[in-house]
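Notes follow once the structure below has been shown.
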Ligand code: SF4
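Residue numbers (my numbering): 97 to 364.
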């Protein structure tokens with residue numbers, strides 16, 4: 097696997113993306129602390145990989161303010177808690193110094209392929225911050241774009257939605273059926289093929305299994321271990337509470353107005 101990591105880091109470099117190799121979680125934390133300036137405000141996107149390596153705690157211990165809409169104990173149960181615990185911090189995390197998250201997959205030729213239900217996690221990778229940092233476990237490396245799309249649609253999304261308890265067809269069959277209902281978790285698919293023009297993008301590839309993702313051909317034991325670790329660190333936002341019907345967003349905006357948006361008030 098070491099060879100795959102080295103190959104992938106070289107490919108990232110060709111695409112103007114800075115790749116780092118970390119032997120383990122401890123080295124990954126050191127690298128991220130080196131990349132992120134002391135004093136920078138860091139916004140997070142939902143990532144069990146980031147949580148697994150203890151990155152939020154390490155940044156806070158160093159003195160960075162971390163905007164985290166995905167704290168594990170904070171379960172969303174209604175629209176007000178969705179706003180307070182998820183929507184508002186996610187909005188703040190969209191416009192700060194640094195964005196920190198993981199990636200669903202990374203091809204050996206250096207492409208980052210992701211699916212997202214809300215869109216904030218993928219958007220933060222390429223827009224809104226001068227610096228974005230992605231933490232990626234070795235299990236996320238795939239051969240090429242076809243394998244990446246197969247992985248995100250037919251492994252990661254069905255497993256993710258199964259845990260949320262939503263009745264999408266992929267939960268039953270284990271394969272994507274391109275559903276269009278409110279509980280679709282993969283509303284947005286992104287492929288980053290080169291450094292985004294206004295964002296310094298760093299990818300820290302860790303020689304450990306992190307987050308959700310595996311190849312179906314891997315030994316059952318490894319897959320079970322990845323799934324169990326991910327479940328321990330996943331942030332559960334239950335469906336359909338977190339997938340608002342069209343029109344419900346009006347209520348979120350009403351709540352946002354009471355908080356005061358600097359942009360809308362012309363103060364930004
Ligand atoms: S589009 Fe629907 S069926 Fe396909 S993976 Fe996403 S949630 Fe599952």
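Heads up, the beta-carbon is just placed ideally off N, CA and C, and yes, glycines get one too. Everything numeric in this text was worked out from a predicted model, so none of it was measured.
- Message: Tell me the rounded alpha-carbon separation between residue 317 and residue 326.
- Response: Position 221 of the chain shown, counting from 1, holds the residue named residue 317. Position 230 of the chain shown, counting from 1, holds the residue named residue 326. Taking the straight line from one Cα to the other gives about 14 Å.
- Segment limits, alpha helix (DSSP H) that includes residue 320: On the chain shown, position 224 is the one that residue 320 refers to. Start and end: 316-329.
- Confirm the yes/no value for this check: CB of residue 264, any heavy atom of ligand 1, distance under 7 Å. For the purposes of this step, residue 264 is identified with residue 168 of the chain shown, where counting begins at 1. Because some heavy atom of ligand 1 lies under 7 Å away, the Cβ of residue 264 counts as near it: yes.
- Item | From 234, 262, 201, 268, residue whose alpha carbon lies closest to that of residue 280 | What you label residue 280 is simply residue 184 of the chain shown in a count that begins at 1. Of the candidates 234, 262, 201, 268, the one whose C-alpha sits nearest the C-alpha of residue 280 is 262.
- How many angstroms separate the CA atom of residue 126 from the CA atom of residue 219? Residue numbering aside, residue 126 sits at position 30 when the chain shown is read from its first letter. Residue numbering aside, residue 219 sits at position 123 when the chain shown is read from its first letter. The straight-line gap from Cα to Cα measures roughly 25 Å.
- Query: Any heavy atom of ligand 3 within a distance shorter than 7 Å of the CB on residue 280?
  - Reply: No copy of ligand 3 appears in this structure; the ligands present are ligand 1.
- Using the beta-carbon count (16 or more within 10 Å), is residue 312 buried or exposed? Reading the chain shown from its first residue, position 216 is the one you call residue 312. That one is exposed.
- Please report how far the alpha carbon of residue 296 lies from the alpha carbon of residue 239, in whole angstroms. Here residue 296 corresponds to residue number 200 of the chain shown, with the count starting at 1. Here residue 239 corresponds to residue number 143 of the chain shown, with the count starting at 1. Whole-angstrom Cα-Cα distance: 24 Å.
- Query: Looking at C-beta atoms only, is the number of pairs between the stretch 253-273 and the stretch 228-239 that lie closer than 8 Å three or more?
  - Reply: no
- Query: If you measure from the CB of residue 257, is any heavy atom of ligand 1 nearer than 7 Å?
  - Reply: The residue given as residue 257 occupies position 161 in the chain shown. Checking every heavy atom of ligand 1 against the Cβ of residue 257, one is found closer than 7 Å.
- Query: By how many angstroms is the C-alpha of residue 350 removed from the C-alpha of residue 116?
  - Reply: Within the chain shown, residue 116 is the residue found at index 20, counting from 1. Within the chain shown, residue 350 is the residue found at index 254, counting from 1. Taking the straight line from one Cα to the other gives about 42 Å.
- Message: Within the continuous alpha helix (DSSP H) that includes residue 220, where are the two ends?
- Response: Within the chain shown, residue 220 is the residue found at index 124, counting from 1. That run of the alpha helix (DSSP H) goes 216-222.
- Report all residues from its chain with a CB closer than 7 Å to the CB of residue 107; omit the five preceding and five following residues, and keep chain order. Here residue 107 is taken as the residue at index 11 of the chain shown, counted from 1. Taken in chain order, the residues that qualify are 204, 205, 206.
- Alpha-carbon to alpha-carbon, residue 148 and residue 99: Here residue 99 corresponds to residue number 3 of the chain shown, with the count starting at 1. Here residue 148 corresponds to residue number 52 of the chain shown, with the count starting at 1. Straight-line Cα distance between these residues: approximately 24 Å.
- Message: For a test of the three-state rule: what should DSSP assign to residue 179, helix, strand or coil?
- Response: As a first step, residue 179 is located in the chain shown; it is residue number 83 there, counting from the start. Residue 179: helix per DSSP, three-state reduction.
- For residue 164, collect the residues of the same chain with a Cβ closer than 7 Å to its Cβ; drop the 5 residues on either side in sequence, then sort them by chain order. For this step, residue 164 is matched to residue 68 along the chain shown. Closer than 7 Å at the Cβ level, and outside the excluded window around residue 164, lie 140, 152, 185.
- Could you work out which residue in 291, 232, 120 is closest to residue 145 when comparing CA atoms only? Here the question's residue 145 lines up with position 49 in the chain shown. Nearest option by C-alpha distance: 232.
- Task: To the nearest angstrom, report how far apart residue 202 and residue 103 are at their CA atoms.
- Result: Against the chain shown, residue 202 aligns to sequence position 106. Against the chain shown, residue 103 aligns to sequence position 7. Cα-Cα distance, rounded: 12 Å.
- Item | Neighbourhood of residue 256 by C-beta, 7 Å cutoff - its chain only, sequence neighbours within 5 removed | For this step, residue 256 is matched to residue 160 along the chain shown. Excluding residues within five positions, the ones whose Cβ falls inside 7 Å are 281, 308.
- Query: DSSP puts residue 116 in a beta bridge; with which residues?
  - Reply: Taking the first residue of the chain shown as position 1, residue 116 is located at position 20. Per DSSP, 300.
- Pair within 8 Å by beta-carbon distance, residue 284 and residue 248: Along the chain shown, one-based indexing puts residue 284 at 188. Along the chain shown, one-based indexing puts residue 248 at 152. No; because the gap between Cβ atoms is not below 8 Å, this pair is not in contact.
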